[in-house]
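S.K.: Okay, handing you the structure first.
So this is what it looks like as structure tokens:
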């Protein structure tokens, strides 16, 4: 989707509208304990990084052993 090209007049008019509307005052975030619990996990990535890293290290060790074994043959 292309960015909109605003004229200086349109930009000034929109800025005035936004100052009147004050949308930042309507943003309240989670209010209930349930909502706060849900929003606290928004950035959660799954916690698999350490597990995957260990698997990659193990796989690299196995491949290294195979490479060395093939070199001896």
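Numbering (full-length UniProt numbering), first residue to last: 1 to 73.
Backbone N, C-alpha and C define an ideal beta-carbon position, used for all residues, glycine too.
Go through the region 31–67 residue by residue and report every complete run of the alpha helix (DSSP H) that reaches 4 residues or more, in order.
M.R.: DSSP runs (the alpha helix (DSSP H)) wholly in the region 31–67: 33–40.
S.K.: Return helix, strand or coil for residue 5, following the three-state DSSP convention.
M.R.: DSSP places residue 5 in coil when its eight states are reduced to three.
S.K.: Taking residue 39 and residue 29 to be in contact with their CB atoms under 8 Å, please state how far apart those CB atoms are, rounded to whole angstroms.
M.R.: Contact flag correct, Cβ pair sits at about 7 Å.
S.K.: What separation, rounded to the nearest whole angstrom, lies between the Cα atoms of residue 3 and residue 70?
M.R.: So the alpha carbons of these two residues sit roughly 56 Å apart.
S.K.: In angstroms with no decimal places, state the Cα-to-Cα distance between residue 57 and residue 44.
M.R.: One C-alpha to the other measures close to 24 Å.
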